[in-house]
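As they're listed, the protein sequences go chains F and V.
So the first sequence is numbered by our numbering: it starts at 1409 and just counts up by one.
So the second sequence is numbered by our numbering: it starts at -2 and just counts up by one.
Idealized CB from N, CA, C, for every residue including glycine.
Input: a single structure, listed below in structure tokens.
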Amino acid sequence: GAVVSQHPSWVICKSGTSVKIECRSLDFQATTMFWYRQFPKQSLMLMATSNEGSKATYEQGVEKDKFLINHASLTLSTLTVTSAHPEDSSFYICSALETSGTYEQYFGPGTRLTVT
Amino acid sequence: AQKITQTQPGMFVQEKEAVTLDCTYDTSDPSYGLFWYKQPSSGEMIFLIYQGSYDQQNATEGRYSLNFQKARKSANLVISASQLGDSAMYFCAMREKPYSGYALNFGKGTSLLVTP
């Protein structure tokens, strides 16, 4: 199956700083990627849909100025958490949509963010 | 309204036994897809099985099978011959295309523990 990577796999940052998480599709081109957030012992919640070359579509309740998404190429989407607060600590998972056949989503391994 | 309902927060099964994880869904879209994912403690999302709304037969993948009852809007996952490595969180998810842009809507998950 197709491979999606995320970097970093874990990050600790101080309150008020920004952190960038990268999501890459390694062996296919993805015009659409998704960003999910998962709090401990909870489900994955869709934050936004990232479309190459256009603005991301954010889900209701997700602050677009706080969670900046850039999908500058067909293999890379980035999520930047700006002015991070402890309540932003979570597991962030991206997925890339394969559109040449099955329209299957391939998930990255996730990034664990801890804001101190 | 919750679109995917998993009513079993936790399940126990003895090794080598079969176990059924429940999932019901709600949609008015005639075209949809149902997925099951496994999430071990490492956090990665592992795709297990897919059922399309128009598929005539229940999906099977090795030890995994999906008991699809369209009229009841249920898509239960059956794991046969459980193994210790099956201990993980299991998520049912639905994709309603094309309106959702192929994003997945996840249930709250079921924690499965396989005992020796």
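The three-state secondary structure of Glu1467/F, taken from DSSP, is coil. Interface annotation, Glu58/V: not in contact with chain F, CB-CB separation never under 8 Å.
In this structure, the beta-carbon distance from Leu18/V to Leu109/V falls below 8 Å. For Lys1428/F, the enclosing beta strand (DSSP E) has its first and last residue at Val1427 to Ser1433. In the structure shown, Gly1516/F adopts coil according to DSSP, grouped into three states. Residue Lys1463/F holds the alpha-carbon nearest to the alpha-carbon of Ser1485/F among Thr1524/F, Glu1471/F, Lys1463/F and Ser1498/F.
Taking 8 Å as the threshold, the shortest C-beta distance from Leu1454/F to chain V falls below it. The three-state secondary structure of Glu1495/F, taken from DSSP, is helix. Burial is judged here by how many other beta carbons sit within 10 angstroms of a residue's own beta carbon; Ala85/V has at least 16 and is buried.
Assignment of beta-bridge partners to Cys1502/F by DSSP yields Trp1443/F. Taking 8 Å as the cut-off, the Cβ atoms of Val1427/F and Val1470/F do not count as close. Look at Leu81/V here: in three-state DSSP terms it is helix. Assignment of Val1523/F by DSSP, reduced to helix, strand and coil, places it in the strand class. With 16 or more other CB atoms across the displayed protein chains lying within 10 angstroms of its CB, Phe88/V is buried.
Bridge pairing for Cys89/V: Trp33/V [DSSP].
The contact set of Phe103/V on chain F, defined by CB atoms closer than 7 Å, consists of Ser1451 and Leu1452 in chain order. Interface flag for Phe9/V against chain F is unset, since no Cβ pair is found closer than 8 Å. For the C-beta of Gly106/V, the chain F residues within less than 7 Å are, from N- to C-terminus, Ser1451. Contact between Ile1501/F and Tyr1444/F holds, since their C-beta atoms are separated by about 5 Å, short of 8 Å. Excluding sequence positions up to five before and after Gln80/V, its CB lies within less than 7 Å of the CB of Glu12 and Val111, all in the same chain and listed in chain order. For Tyr61/V, no CB of chain F lies under 8 Å from its own CB, so it is not counted at the interface with that chain. Per DSSP, the beta bridge partners of His1415/F are Glu1430/F. Secondary structure of Glu14/V (DSSP, three-state): coil. DSSP, reduced to helix, strand and coil, places Tyr99/V outside both helices and strands of the structure shown, so it counts as coil.
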